[in-house]
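Engineer:
In the working numbering, the protein residues as written are 1260 to 1733.
1. For residue 1321, does the three-state DSSP call read helix, strand or coil?
2. Are residue 1346 and residue 1412 close, meaning C-beta to C-beta below 8 Å?
3. In this structure, does DSSP put residue 1359 in helix, strand or coil?
4. Using a Cβ-Cβ cut-off of 7 Å (strictly less than) and excluding sequence neighbours within five positions of residue 1565, which residues of its own chain qualify?
5. Looking only at DSSP bridge pairs, what is residue 1626 linked to?
6. Give the secondary structure of residue 1564 by DSSP, where H, G and I count as helix, E and B as strand, and everything else as coil.
7. Is residue 1615 helix, strand or coil when you go by DSSP?
8. Taking the DSSP output, what are the residues bridged to residue 1399?
9. Check this for me: beta carbons of residue 1377 and residue 1431, under 8 Å apart or not?
10. With contact counted as at least three CB pairs below 8 Å, one residue from each stretch, are the region 1620-1635 and the region 1649-1664 in contact?
11. From this set, 1341, 1312 and 1417, which residue's C-alpha is nearest residue 1320's C-alpha?
12. Measure the alpha-carbon distance for residue 1517 versus residue 1483 and round it to whole angstroms.
13. Which runs of the beta strand (DSSP E) spanning at least 3 residues fall entirely within the region 1416-1449, listed in chain order?
14. With a cut-off of 8 Å on the beta carbons, I'd call residue 1439 and residue 1369 a contact; round off their distance for me.
15. Who does residue 1327 pair with in a DSSP beta bridge?
16. Jot down the residue ranges of each uninterrupted beta strand (DSSP E) in the region 1521-1572, minimum 3 residues, whole runs only, in chain order.
17. When you compare each of 1676, 1638, 1680 and 1427 to residue 1661 by their alpha carbons, which one comes out closest?
18. Alpha carbons only, please: which of 1466, 1494, 1344 and 1443 is nearest the one belonging to residue 1410?
19. Please classify residue 1591 as buried or exposed, where buried requires at least 16 other C-beta atoms within 10 Å of its C-beta.
20. Less than 8 Å between the C-beta atoms of residue 1526 and residue 1533, yes or no?
21. Rounded to a whole number of angstroms, what is the C-alpha to C-alpha distance between residue 1521 and residue 1514?
22. Which one of 1581, 1588, 1650 and 1501 has the shortest CA to CA distance from residue 1551?
23. Relative to the alpha-carbon of residue 1429, which residue among 1329, 1421 and 1695 has its alpha-carbon at the smallest distance?
24. How far does the alpha helix (DSSP H) with residue 1462 in it extend, from its first residue to its last?
25. Roughly how many whole angstroms lie between the Cα atoms of residue 1589 and residue 1467?
26. Locate the alpha helix (DSSP H) running through residue 1469, then write down its first and last residues.
27. Taking C-beta to C-beta, are residue 1601 and residue 1577 nearer than 8 Å?
28. Rank 1477, 1426, 1436 and 1423 by C-alpha distance to the C-alpha of residue 1414 and give the top, closest one.
29. Can you tell me whether DSSP reads residue 1387 as helix, strand or coil?
30. Inspect the CB distances between the region 1355-1370 and the region 1303-1316 and report whether three or more fall short of 8 Å.
31. Give the straight-line distance between the Cα atoms of residue 1333 and residue 1312, rounded to the nearest whole angstrom.
32. Hey, could you find the ends of the beta strand (DSSP E) residue 1684 is sitting in?
33. Evaluate residue 1644 with the Cβ neighbour count: other Cβ atoms within 10 Å of its Cβ, from every protein chain shown; 16 or more gives buried, anything less gives exposed.
34. Which same chain residues end up closer than 6 Å to residue 1350 when comparing Cβ atoms and leaving out the 5 residues on each side of it in sequence?
35. Consult DSSP for residue 1465 and reduce its assignment to one of helix, strand or coil.
36. DSSP on residue 1594, reduced to helix/strand/coil?
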């Protein structure tokens, strides 16, 4: 669409001609005073509109290379300076006047950047050299625009010739720009016939479908829910980056072509995208000699924010555990001390090794996490599930836990009762351990016992009423 620069400024063409006439009058005066000119300029982006309007012609008397400025005389004959990057220089006055007339359509037009890292190109092509990388919300000056909208990697928009605040000049594809009139504030509408599904495909960040399932169920598995996983479009480079938990690859395409109802082929990749709606797609692509199908969804919430909330939930669980007893002991399974930053020290856990829960040589220290979730039938009976991640041990020891008035009860969970961070059912026969909360006096005595004889063997017959091994090893 055309940009209406007459809104809010009637007779703009007459005013523009007046600017040129004033500049010519200044020129004639300078010649009458025998002032030597080196050329003429048109102000592309004024530093102060109240003193010198954008689009004004100026007569240049010299160039100061040390400061990178032009010296010009204003209407009163006073010498002024302006940065060279703010001015388009011409040796001939007629050329400057012609450019000023042409530039009048854009002298009030600016653009705001809507995507961090948007490139400024040397030419009107996404394959041309990048000369500058724009920042989110950066404001740039529009100098010109392509005559027609162009299709770049499936997106349709104008190319804009722009000037940045550091003096870089180049071309920016307009799909991620908000173009507006600086006087009226009127925004140019993106009047395009672009396919809405292709536009959605290229502007959304697509996440594996299970992300939405985790969010809806409030069960965020941080091992699989990360900012790294997804289908990431890069229309500027003509490619998608696919990152999944088990593999990643690039899908470089030359064109996105509609091949059926809501179905599109990424030409050059053999990949096909099918839209279920504007926010849910299926990607079919070749992988390891066969066809793989993955469902993706567009997530409106910030992924980092969701991850931070889940970490806060786990931190709160640990704090509640600490409040219930910073140090707990078991006659058979040793002594656990909870430390800051979700750390722990567990001494005397030889029975864990004997029962195959942790390997021989497991260190005493590690971290506690709360990565597991309980179905409703278990949530009524247990306070939650935790994992002891011993340092340098690949597999954690995972337990259901119950906070009781005088301690905490742990019930070991074998791997086969866990699917995608969800405990599917209660293990019918497994190890159950009761840890008694220590008082301050108990803490001193227990420290002395463990320090004096830390190698003492546990008594399997001790405290049978408070802890028991139910059934065989699981």
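Beta carbons are placed, not taken as given, at the ideal position from N, Cα and C, and that holds for glycine.
Structural biologist: So, from the data block:
1. Strand, per DSSP.
2. Residue 1412 is positioned such that its CB atom lies no closer than 8 Å to that of residue 1346.
3. In this structure, residue 1359 counts as helix in the three-state DSSP scheme.
4. Cβ-Cβ distances below 7 Å link residue 1565 to 1474 and 1479 in the same chain, with the five nearest sequence neighbours on each side left out; the list follows chain order.
5. The partner list for residue 1626 (beta bridge, DSSP) reads 1602 and 1648.
6. In the structure shown, residue 1564 sits in a helix (DSSP, three-state: H, G or I).
7. In the three-state reduction of the DSSP assignment, residue 1615 falls in the coil class.
8. Answer is 1370.
9. A contact, by the Cβ cut-off of 8 Å.
10. Flag = yes, the region 1620-1635 and the region 1649-1664 touch.
11. With distances taken between Cα atoms, residue 1320 lies closest to 1341.
12. The straight-line gap separating the alpha-carbon atoms of residue 1517 and residue 1483 is approximately 32 Å.
13. Fully enclosed beta strand (DSSP E) runs of 3 or longer: 1418-1422, 1428-1432 and 1436-1440.
14. A Cβ-Cβ separation of about 6 Å places residue 1439 in contact with residue 1369 under the 8 Å criterion.
15. Answer by DSSP bridge pairing: none, since residue 1327 is not bridged.
16. The qualifying runs are 1522-1526, 1530-1536, 1539-1546 and 1549-1557.
17. Ranking the options by Cα distance to residue 1661, first place goes to 1638.
18. The shortest Cα separation from residue 1410 among 1466, 1494, 1344 and 1443 belongs to 1494.
19. Answer is buried; the Cβ neighbour count reaches 16.
20. It is not a contact, given that the beta carbons lie outside the stated cut-off.
21. Note on geometry: alpha-carbon atoms of residue 1521 and residue 1514 lie some 16 Å from one another.
22. For the set 1581, 1588, 1650 and 1501, the Cα lying nearest the Cα of residue 1551 is the one of 1501.
23. Nearest option by C-alpha distance: 1421.
24. Where residue 1462 is concerned, the enclosing alpha helix (DSSP H) starts and stops at 1455-1462.
25. The straight-line gap from Cα to Cα measures roughly 44 Å.
26. Note, residue 1469: alpha helix (DSSP H), 1468-1476.
27. Less than 8 Å separates the beta-carbon of residue 1601 from that of residue 1577.
28. It is 1436 whose Cα lies nearest to the Cα of residue 1414.
29. Secondary structure at residue 1387: coil, using DSSP grouped into helix, strand and coil.
30. Touching, yes.
31. Near 12 Å, if we compare the C-alpha coordinates of residue 1312 and residue 1333.
32. It is not in any beta strand (DSSP E) - residue 1684 carries neither H nor E in the DSSP assignment.
33. So residue 1644 ends up on the buried side.
34. In chain order, 1298 place their CB closer than 6 Å to the CB of residue 1350, counting only its own chain and leaving out the 5 sequence neighbours on each side.
35. It is a strand residue.
36. In the structure shown, residue 1594 sits in a strand (DSSP, three-state: E or B).
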